[in-house]
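Take any residue in the sequence shown, note its place counting from 1, add 9, and you have its number in our numbering.
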Amino acid sequence: MKVICLSSGHKVELGDAYDSYAGQVKCVTCGAILEIRTETGDLRSVALAPAVARVAPTAAPDATR
Ligand SMILES: [Zn+2]
């Protein structure tokens, strides 16, 4: 099981245990957290999970709506 890191573009190698998995994995290259979902070896979705330390409270344009 491999996913492409949305942040660095590097391949993230995952073991067979991730063939059916939903949750977060960490890119060892850049440290980004990826939210992935896999089913029987197929990648169903991958998204970049915002790292808690990187979230700036003021940088939330949707909050004004
Ligand atoms: Zn990365």
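Heads up, the beta-carbon is just placed ideally off N, CA and C, and yes, glycines get one too.
query, result
"Reduced DSSP secondary structure (H/G/I, E/B, other) of Ala41", "coil"
"Spatial distance of Leu43 from Asp71 (CA atoms)", "22 Å"
"beta-carbon Ala58 near ligand 1 non-hydrogen atom, thresh 6 Å", "no"
"Beta-carbon gap between Cys39 and Ser17 smaller than 7 Å", "yes"
"Top-ranked residue by Cα proximity to His19, from Asp25, Lys11 and Ser29", "Lys11"
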